[in-house]
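Anchor point for the sequence shown: position 104 equals 113 in this note's numbering, and the numbering is continuous, going up by one each time.
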Amino acid sequence: MSQTVPIPRGLPMERDAGPFDPPRDITRLREARPVSPMIFPDGHEGWLVTGYDALRRLMADSRFSSRQDLGILHMPYETPGMPAPTEPSPQIPGLFIAMDSPDHTRLRRKLTGAFTVKRMKQLEEHIVDIVERQLDETARLTPPIDLVKEFALPVPSLVICEMLGVPYEDRSTFQTNSAKFMVKDQPLDEKIAAYGAMTTYLAELVTRKRADPGEDILSDLARQDDLTIEELTGIAFLLLLAGHETTANMLALGTFALLEHPEQLAALHADQDLMPGAVEELLRYLSVADIFYRYATEDIELGGETIGKGSTVVVSLLAANRDPQRFENPDALDVRRKARGHLSFGHGIHQCLGQQLARIEMRAGFEGLLRRFPALKLAIPADEVRLRTDMNIYGVHELPVTWTETAR
Numbered sequence: 010m011s012q013t014v015p016i017p018r019g020l021p022m023e024r025d026a027g028p029f030d031p032p033r034d035i036t037r038l039r040e041a042r043p044v045s046p047m048i049f050p051d052g053h054e055g056w057l058v059t060g061y062d063a064l065r066r067l068m069a070d071s072r073f074s075s076r077q078d079l080g081i082l083h084m085p086y087e088t089p090g091m092p093a094p095t096e097p098s099p100q101i102p103g104l105f106i107a108m109d110s111p112d113h114t115r116l117r118r119k120l121t122g123a124f125t126v127k128r129m130k131q132l133e134e135h136i137v138d139i140v141e142r143q144l145d146e147t148a149r150l151t152p153p154i155d156l157v158k159e160f161a162l163p164v165p166s167l168v169i170c171e172m173l174g175v176p177y178e179d180r181s182t183f184q185t186n187s188a189k190f191m192v193k194d195q196p197l198d199e200k201i202a203a204y205g206a207m208t209t210y211l212a213e214l215v216t217r218k219r220a221d222p223g224e225d226i227l228s229d230l231a232r233q234d235d236l237t238i239e240e241l242t243g244i245a246f247l248l249l250l251a252g253h254e255t256t257a258n259m260l261a262l263g264t265f266a267l268l269e270h271p272e273q274l275a276a277l278h279a280d281q282d283l284m285p286g287a288v289e290e291l292l293r294y295l296s297v298a299d300i301f302y303r304y305a306t307e308d309i310e311l312g313g314e315t316i317g318k319g320s321t322v323v324v325s326l327l328a329a330n331r332d333p334q335r336f337e338n339p340d341a342l343d344v345r346r347k348a349r350g351h352l353s354f355g356h357g358i359h360q361c362l363g364q365q366l367a368r369i370e371m372r373a374g375f376e377g378l379l380r381r382f383p384a385l386k387l388a389i390p391a392d393e394v395r396l397r398t399d400m401n402i403y404g405v406h407e408l409p410v411t412w413t414e415t416a417r
């Protein structure tokens with residue numbers, strides 16, 4: 010039986026429990042009513058799902074649609090910080106994260122070969138080389154430095170640019186516009202302008218690849234005549250955005266979290282065999298891609314509640330990953346924890362296509378960083394680190410760090 014709790018108006022977003030923890034109101038809501046009614050700031054009624062079991066069931070249930078053109082849904086990566094739109098958003102060609110089957114299946118199937126576990130294993134050595142070269146450049150700098158600018162952002166950007174066939178020298182353009190696109194509270198015309206700049210650039214790129222393909226993922230897709238230029242552009246936008254934003258923020262925020270938990274950092278220095286499990290734990294503990302939307306296509310029972318047909322449903326992966334019903338002492342960072350089963354890559358048909366790539370980048374990134382900079386520490390007080398509470402992917406804007414020595 011659900012406890013009596015106030016129905017939230019909008020999603021509580023203030024990180025009042027610390028830089029790594031969910032907002033206290035979210036935690037209280039999960040404990041009291043893991044499937045809860047909520048009211049958007051404009052009065053639109055919907056639902057908020059914060060419990061692990063309910064969220065996992067929801068993401069595996071095809072009756073909860075990801076399509077934007079069915080109901081009142083936001084653009085992908087949008088959060089409820091702004092009022093919900095008053096009419097459905099049009100579907101964007103190629104953006105399969107916002108599609109259901111069969112459209113989702115048709116497009117995603119064209120990419121599965123490029124992101125198989127076997128293919129990622131083949132790339133692992135090259136990714137380690139990219140990490141080491143970036144660490145070489147970082148070690149030449151005089152501290153303090155911004156770890157985001159010098160390491161966390163360049164590594165996944167280099168990797169995804171190589172894989173997609175996007176010229177790395179164009180990174181300032183797409184990084185600037187993707188950052189603008191990810192800002193939560195901004196005028197819609199500014200978000201549309203940033204999106205338009207990225208898609209204009211990518212449309213020109215995939216058009217060139219269709220005329221003169223190379224050896225990269227976008228060229229492989231461009232060779233397929235059943236994909237339109239608009240679909241190729243949407244796929245490129247999704248892969249480029251997801252391919253560098255999430256991993257960059259995990260590398261930076263994960264480093265911040267380890268520096269703030271010295272006993273966990275010491276455990277990794279003492280035993281790097283813990284790193285694969287530590288990456289899973291950091292993914293669970295931080296859940297940088299937190300808020301997603303679904304739309305109920307019929308009346309659906311979930312967690313003892315009836316979600317009516319036509320309802321917009323907001324899910325919080327961070328809240329679910331901190332659910333004590335699933336993880337013991339969930340608010341503790343424990344690099345020895347068996348954190349498999351976390352929902353940071355989603356669940357169901359929309360589970361992150363690039364999750365194995367992200368794991369390899371994080372393992373290589375954290376292992377290299379800890380080995381090369383054993384005395385790494387914050388260069389400013391922890392409470393002065395600028396958090397990305399204004400962005401749709403959480404993290405830090407900058408992470409000023411320093412060190413007294415480096416190692417090979």
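Cβ atoms here follow ideal geometry from the backbone N, Cα and C, with glycine treated the same way.
* **Beta-carbon contacts of M84 that lie in its chain and below 6 Å, excluding the five residues immediately before and after** => With a pLDDT of only 39 at M84, under the threshold of 50, the placement of this residue in the model should not be trusted, and no figure is reported.
* Asked: What is the residue span of the beta strand (DSSP E) that P54 lies within?
  -> Reading off the sequence shown, one finds Glu at residue 54, where the question assumed Pro. In this chain, the beta strand (DSSP E) harbouring E54 covers 54 to 58.
* Are at least three pairs of beta-carbons, each pair with one atom in the segment 233 to 245 and one in the segment 300 to 312, less than 8 Å apart? -> Segment contact: the segment 233 to 245 against the segment 300 to 312, fewer than three CB-CB distances shorter than 8 Å; contact not assigned.
* Asked: In whole angstroms, what separates the C-alpha of P153 from that of G404?
  -> C-alpha separation (whole angstroms): 19 Å.
* T411: first and last residue of the uninterrupted beta strand (DSSP E) it sits in -> Secondary structure note for T411: its beta strand (DSSP E) is the uninterrupted segment 409 to 411.
* According to DSSP, which residues form a beta bridge with A26? -> For A26, which the question treats as bridged, DSSP gives no partner whatsoever.
* Quick one, are the C-beta atoms of L326 and A287 less than 8 Å apart? -> Cβ distance not < 8 Å, so L326 and A287 don't count as in contact.
* Name the DSSP beta bridge partners of A305, please? -> Paired residues: F73.
* Taking only the alpha-carbon atoms, compute the straight-line gap between H278 and T151 and give it to the nearest angstrom. => Distance between the alpha carbons of H278 and T151: 23 Å.
* To do: Can you have a look at Y177 and say buried or exposed, based on whether 16 or more other CB atoms are within 10 angstroms of its CB?
  => Per the 10 Å Cβ criterion, exposed.
* Considering only the beta carbon of each residue, do L214 and A257 sit closer than 8 Å? -> Not in contact: L214 and A257 (Cβ atoms no closer than 8 Å).
* **Exposure label - V126; buried when at least 16 CB within 10 Å** => Burial call: exposed.
* What is the DSSP secondary structure of P46, reduced to helix, strand or coil? -> In the structure shown, the three-state DSSP call for P46 is strand.
* Below 7 Å CB to CB, which residues in the same chain sit around H356 once its five sequence neighbours on both sides are set aside? => Take H356, set aside five residues on each side of it, and the residues of its chain with a beta-carbon closer than 7 Å to its own are R65, M68, A69, in chain order.
* Distance, R76 Cα to I358 Cα -> Computed Cα separation, rounded: 13 Å.
* **Pairwise C-alpha distance: A261 and R149** => Going from the Cα of R149 to the Cα of A261 covers about 19 Å.
* To do: In angstroms with no decimal places, state the Cα-to-Cα distance between Q131 and T413.
  => If you draw a straight line from the Cα of Q131 to the Cα of T413, it is about 35 Å long.
* **Whether G3 touches V164 by CB criterion (8 Å)** => Since the first residue shown for the chain is 10 and the last is 417, residue 3 is missing from the structure and cannot be characterised.
* What three-state label does DSSP hand L342 in the structure shown? -> L342 carries a coil assignment under DSSP once its states are collapsed to helix, strand and coil.
* Asked: Taking the continuous alpha helix (DSSP H) assigned at T216, which residues delimit it?
  -> Boundaries of the alpha helix (DSSP H) around T216: 197 to 220.
* Asked: Beta carbon of D30, beta carbon of K193: below 8 Å?
  -> The Cβ-Cβ distance between D30 and K193 does not fall below 8 Å.
* Asked: Which residues share a DSSP beta bridge with L387?
  -> L387 pairs with V410.
* To do: Please report the residue range of the beta strand (DSSP E) in which V323 lies.
  => Run containing V323: 321 to 325, per the beta strand (DSSP E) assignment.
* For the candidate residues R142, V324, E134, P383, whose alpha-carbon lies nearest to that of A63? -> Ranking the options by Cα distance to A63, first place goes to V324.
* Asked: Would V168 pass as a contact of I201 if the rule is Cβ separation under 8 Å?
  -> Contact flag unset, no.
* Scan the segment 93 to 177 and note each continuous beta strand (DSSP E) run of 3 residues or more that stays entirely inside, going in chain order. => Listed in chain order, there is nothing to give.
* To do: Assign R18 to one of two classes, buried (16 or more other C-beta atoms within 10 Å of its C-beta) or exposed (fewer than that).
  => Note on R18: under 16 other CB atoms within 10 angstroms of its CB, so exposed under the neighbour-count rule.
* What residue does the beta strand (DSSP E) around I316 start on, and which one ends it? -> From DSSP, the beta strand (DSSP E) with I316 extends over 314 to 316.
* Whole-Å CB distance - W56 paired with P46, under 8 Å assumed -> Yes, they are in contact, since the Cβ atoms of W56 and P46 sit about 6 Å apart, within 8 Å.
* Do you know how far the Cα of L104 is from the Cα of V322? -> In this model, V322 and L104 are separated by some 20 Å (Cα to Cα).
* Of all the options A388, V394, G377, which has the alpha carbon lying nearest to the alpha carbon of E141? -> Per the Cα distances, G377.
* Near S187, what residues of its chain come up, given a Cβ to Cβ distance below 7 Å and the 5 sequence neighbours on each side ignored? -> Excluding sequence neighbours, S187 sits near M207, L250, E254.
* Mapping DSSP to helix, strand and coil, what is R335? -> In the structure shown, R335 sits in coil (DSSP, three-state: anything other than H, G, I, E or B).
* With 16 other Cβ atoms within 10 Å as the buried cut-off, status of L211 -> Buried: at least 16 other Cβ atoms inside 10 Å.
* Asked: Bridge partners of L396, per DSSP?
  -> V405, per the DSSP bridge assignment.
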